[in-house]
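There are 2 protein chains.
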Amino acid sequence: MLRTPLVRRLANSAHALARPTPRARTLSVAFSTSRPAASKAPAAVPFTSDKFPELVRDSRFGSVTPEHVARFRDITGDVDAAVISAGTNTAQELDVYNEDWMRKYKGRTTLVLRPKTTQEVSAILRYCNEHTLAVVPQGGNTGLVGGSVPVHDEIVISTVRMNAVRSLDEVSGILTAEAGCVLEVLDLHLRERGFCMPLDLGAKGSCNIGGNVASNAGGLRLLRYGSLHGTVLSMEVVLADGTIMELGKPLRKDNTGYDLKQLFIGSEGTLGMITAVSILTPPKSSAVNVAMLGVKSFAEVQEAFRRARLELGEILSAFEFFDRTCMDLVKRHLPIREPLETKSPFYVLIETSGSNKDHDDEKLATFLERLLEEEVVQDGALASDTAQAHAMWNVRESITEACSKEGGNFKYDLSVPVPQLYAIVDAMRARLADLGLLRSDSAPTAPVTNVVGFGHIGDGNLHLNLTTTGWTRELNDAIEPFVYELVQARNGSISAEHGLGLMKAPYLEYSKSPEAIELMRRVKAAFDPKGILNPYKYFPRQ
Amino acid sequence: MLRTPLVRRLANSAHALARPTPRARTLSVAFSTSRPAASKAPAAVPFTSDKFPELVRDSRFGSVTPEHVARFRDITGDVDAAVISAGTNTAQELDVYNEDWMRKYKGRTTLVLRPKTTQEVSAILRYCNEHTLAVVPQGGNTGLVGGSVPVHDEIVISTVRMNAVRSLDEVSGILTAEAGCVLEVLDLHLRERGFCMPLDLGAKGSCNIGGNVASNAGGLRLLRYGSLHGTVLSMEVVLADGTIMELGKPLRKDNTGYDLKQLFIGSEGTLGMITAVSILTPPKSSAVNVAMLGVKSFAEVQEAFRRARLELGEILSAFEFFDRTCMDLVKRHLPIREPLETKSPFYVLIETSGSNKDHDDEKLATFLERLLEEEVVQDGALASDTAQAHAMWNVRESITEACSKEGGNFKYDLSVPVPQLYAIVDAMRARLADLGLLRSDSAPTAPVTNVVGFGHIGDGNLHLNLTTTGWTRELNDAIEPFVYELVQARNGSISAEHGLGLMKAPYLEYSKSPEAIELMRRVKAAFDPKGILNPYKYFPRQ
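Respectively, the protein sequence lines represent chains E and D.
Numbering of the first sequence is given in the numbering used here, commencing with residue 1 and proceeding in unit increments.
Numbering of the second sequence is given in the numbering used here, commencing with residue 1001 and proceeding in unit increments.
The following block contains the structure:
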């Protein structure tokens, strides 16, 4: 029986709801709303190559033949569904790997390989390189930009069967795990031993650590534990030609040459296939506190953040914000009560994680009192138990679902210097109002019903969502590339944490200079001269 | 008048002694002992090319002519000593840039350029690349491996005049500074505004932030704030051909393409010249505590570290160790009192930094009491004021000086998985005893008088020092490459934080596979096709 990503994802969804951690459900919720109920037959996902006819198949790449498949069966053995091929398996079994979970992208692969060892990955890639067969490395297939599914008939190489924990140094907290380990499984493994993973995201029950690293996943703990560029200590990778490389050491310090593993963090499978990762894991926190604040202006959101960094410093683990429209939408569509009495233009959710509950309670209470006294905030509440903490997180995490219940959505994951973060939302509203596209008393039938901003203030990460009556070319052209120009003008990034994949590759020029893109191409050529790794993505189409 | 690194270094030395921070003096002490007093004429530093005749000058490189110098004067203007050349300046003025501060390496450059702007750096490098003139980027010239001084007649491009702070985002703590800013100057600039630099090292009064990043400096705050790979957000660099590149954005999150700036962190000037850096700076801590522990075995050092990570977690900012021999040497050569009453085989120094003094006092006191009760440690003391904290740090920081007063030194900066860290010291002692080279009652005239281990447990960073009656070839061959083999067998790193430079390049193979070194060469070729940037270093000699 196949242990497909879908089965694992649904299993996790239930699990995520049952466990006490109030966060890490954003994507699970998204799954449950975007995946139609099992009783209704879902509409077919359109093929990516039909949707984007400009993405012509590269004729240099060979096509998979029965001889190739036989060779791959020799390499992997045909145990535990190591090879899934059109000759033997159903289209549905291949769809699991051809389609992304948002049902936006679909490839036409006829072959999925699920190696168990690094040596198998090496033999597979060596063979593919010799025969110029294009491949797509795939982890849990939970990406948001279409980066891990084929465009044409690229062979999928899945990490799911490479899922052993190789070691944990319990003195320094250094974990070495194979690429196919599920993030949540690793986190549970660590928690039993007093540690935790330094990253956390909604897809944790399905996503693979190899995919997390390949896509430089951000998520909910970045404010506290920093990015993967700091926590990933070393990596085992297989290059396009099958060379197995250890990049770096499972050590905190190593100054012997270029830190090549860093290039693989966020390379989205274009430089090689990550087969194992060593990562520095922090001790788990014994005390977690949550508070919600009501704030009058975005300037005061920033002031509250500045003060939180100073006064909560070492225990601050999340600083999220959302605007009043988000709160209205959540209340309209979901059975959620407003945690604060006063209505405010902006809300802030603060989480602290520390090693001493009494100390953290006191720090957070003092911080809140001072901010109320000094009128930096106009209302605030401290969760007194896990249920209240859960309820506060629930508001923040339900925004995406509430937006999707309001109608069609345009969604942007942007990174902007904090002081200018909300100006993006204001500018978008102003433009749409100018064009008569934003609904108001004077434009009661305009197609854009709401423009909302929320996100991770601590990371300068804005999620800009527009709810609409539906997609039209006119609307699309009113928003893009305008939104990317807004970001570019503020020296921001058009992709804060989701990556480039297929979706954002065409817009890379809004975040990178032509010289930088040229240097990226030189690096790509040095690592993958034949270009067989994850083609058609990451680089701007030419 | 030239504002030379030497003048700045001495000025800083006094400053470092006067200011209250008890750390950050290791290198200053080293300076004062290794630099002879001003009244005595120092012995001349031997030329590197005489010491290592195998380092033959690469005949592809052009030699500096008066026409070249005139062109460079056009580019930089001849203001504020932008150009220091053999035709105009004294040998002593050039020596400042030709010699490293340890007086181990000396180049023969006849030209030092000190540009003021990125555009000047660009014009200089474009010209050098066109004329195949080799260059050495140089910051504060405080490196420990001979990486920032010329070997032959490479042109020195110094960052010292590029020292403007470009911006500080006081909401998120993102600082953008030019490469020539002195680390301590930046730290003071930040402290006045409630932040601090996320790195701290002995050379802080002289070293430049560009050099820190180019050499991936580790230092004293790494345990708390992580490595530069996590804190450096973006970089402005000039490539060998003069192209100015912005690599990354001054943002916490940016997933748009390969993170090329990471390659420059630790590239030691071989890929391009860093001209500005954006770095995430933490809020400064309002409370700092220091404690010293006496421990019976290295196993208990590890247990104390494991417990400190769990119980002090978010406030732990240093966890240093040293062995009994270190304590004996410090007492023998320096006017220092032992902080603890009980003599122990190992000592641990713990520092915490947090936002609430009462909370931190309580956490550290409780932690110490428990460890004493459970007999993980056999003695311990908590500094009750700054003077006591200073005295405790003083023991740890005087080890290098005490070793140098004992005789000739062999020094190794190694990174090893924490559980096996002290085994390196034991193995070295055993080998030298076997060979009759370690002094003891049965070998009273043996040349190695002490083998000591100390360092940053929190980072897995061992400093292994051997004190000897003097350097001999026999002794050298008994130690090297044996010490590197010990490290290699434990999957460690032969350079934890000092880098490769000229000194460690020949031993790179002990930490990197031939495939990884080949991949490094491919990256080098992609960035610097003519190889003009910092030649003769970093890569193993062939």
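Built from N, CA and C at the ideal position, the CB exists for glycine as well.
When rounded, the separation of the alpha-carbon atoms in Arg1521(D) and Val96(E) is 40 Å.
In this structure, the CA atom of Thr231(E) is about 11 Å from the CA atom of Ile265(E). Rounded to whole angstroms, the separation of the alpha carbons of Val416(E) and Ile424(E) is 9 Å. For the set Ala1043(D), Thr1065(D), Val1452(D) and Lys1284(D), the Cα lying nearest the Cα of Leu1329(D) is the one of Val1452(D). By the neighbour-count criterion, in which a residue is buried when 16 or more other Cβ atoms sit within 10 angstroms of its Cβ, Gly1180(D) is buried. For Glu1497(D) and Glu1509(D), the gap between their C-alpha atoms comes out near 17 Å. When the alpha-carbon of Glu351(E) is set against those of Thr325(E), Ser398(E), Gly492(E) and Trp393(E), the nearest one is in Trp393(E). Interface annotation for the segment 1495-1517 of chain D against chain E: Ser1495, Ala1496, Glu1497, His1498, Gly1499, Leu1500, Lys1504, Leu1508, Ser1511, Lys1512, Ser1513, Glu1515, Ala1516 and Ile1517, criterion Cβ-Cβ distance under 8 Å. When the Cα atoms are used, His456(E) and Leu223(E) turn out to be separated by approximately 9 Å. Within the segment 1182-1240 of chain D, the runs of beta strand (DSSP E) that reach at least 3 residues and sit entirely inside it are, in chain order, 1232-1238. DSSP lists no beta-bridge partner residue for Gln119(E).
Each of Ser440(E), Ala304(E), Val149(E) and Asp441(E) was checked against the Cα of Glu374(E), and the nearest Cα belongs to Ala304(E). Secondary structure at Pro1529(D): coil, using DSSP grouped into helix, strand and coil. In this structure, Ala1446(D) lies near Gly1436(D), with their beta-carbon atoms less than 9 Å apart. The three-state secondary structure of Thr468(E), taken from DSSP, is strand.
A check of alpha carbon separations from His1333(D) across Ser1398(D), Gly1077(D) and Asn1255(D) identifies Ser1398(D) as the nearest. In this structure Val1151(D) touches Thr1048(D) by the C-beta definition: roughly 5 Å separates them, less than 8 Å.
The Cβ of Tyr258(E) sits closer than 9 Å to at least one Cβ of chain D. In this structure, Thr76(E) places its C-beta atom within 9 Å of the C-beta atom of Arg114(E). Counting only runs of 4 or more residues that sit fully inside the segment 292-319 of chain E, the alpha helix (DSSP H) segments are 298-311, in chain order.
Residues of the segment 1303-1326 of chain D with a Cβ closer than 8 Å to any Cβ of chain E, in chain order: Phe1305, Arg1306, Arg1309, Leu1310, Glu1311, Leu1312, Gly1313, Glu1314 and Ile1315.
Among the residues of the segment 1337-1363 of chain D, those with a Cβ less than 7 Å away from any Cβ of chain E are Gly1354, Ser1355, Asn1356, His1359 and Lys1363, in the order of the chain. Under the three-state reduction of DSSP output, Glu1246(D) falls in the strand class. Counting along the chain, Ala381(E) sits inside the beta strand (DSSP E) bounded by residues Asp379 to Leu382.
Within the segment 1399-1418 of chain D, the residues whose Cβ lies closer than 9 Å to some Cβ of chain E are Asp1413, Ser1415, Val1416, Pro1417 and Val1418, listed in chain order. Taken in chain order, the whole beta strand (DSSP E) runs of length 3 or more contained in the segment 1355-1397 of chain D are 1379-1382.
Distance from the Cα of Ser1063(D) is smallest, within the candidate group Met1235(D), Asn1129(D), Leu1316(D) and Leu1486(D), for Asn1129(D). Going by beta carbons, Met428(E) and Phe482(E) fall inside the 9 Å limit. At a C-beta separation below 7 Å, Ala1526(D) has these neighbours in chain E: Arg522, Val523 and Ala526. Secondary structure note for Lys411(E): its beta strand (DSSP E) is the uninterrupted segment Gly408 to Ser415. About 7 Å separates the beta carbons of Lys1537(D) and Glu1268(D), which is inside the 8 Å limit, making them a contact pair. Of the residues assessed, Val1376(D) falls on the buried side of the cut-off, its CB having 16 or more other CB atoms within 10 angstroms.
Taking 9 Å as the cut-off, the beta carbon of Arg1490(D) is found closer than this to the beta carbon of Gln1420(D).
Secondary structure at Leu1271(D): coil, using DSSP grouped into helix, strand and coil.
The shortest CA-to-CA distance from Asn476(E) to any of Asp200(E), Gly354(E) and Asn409(E) is the one to Asn409(E). Our two residues, Gly1313(D) and Gln138(E), have alpha carbons roughly 35 Å apart in a direct line.
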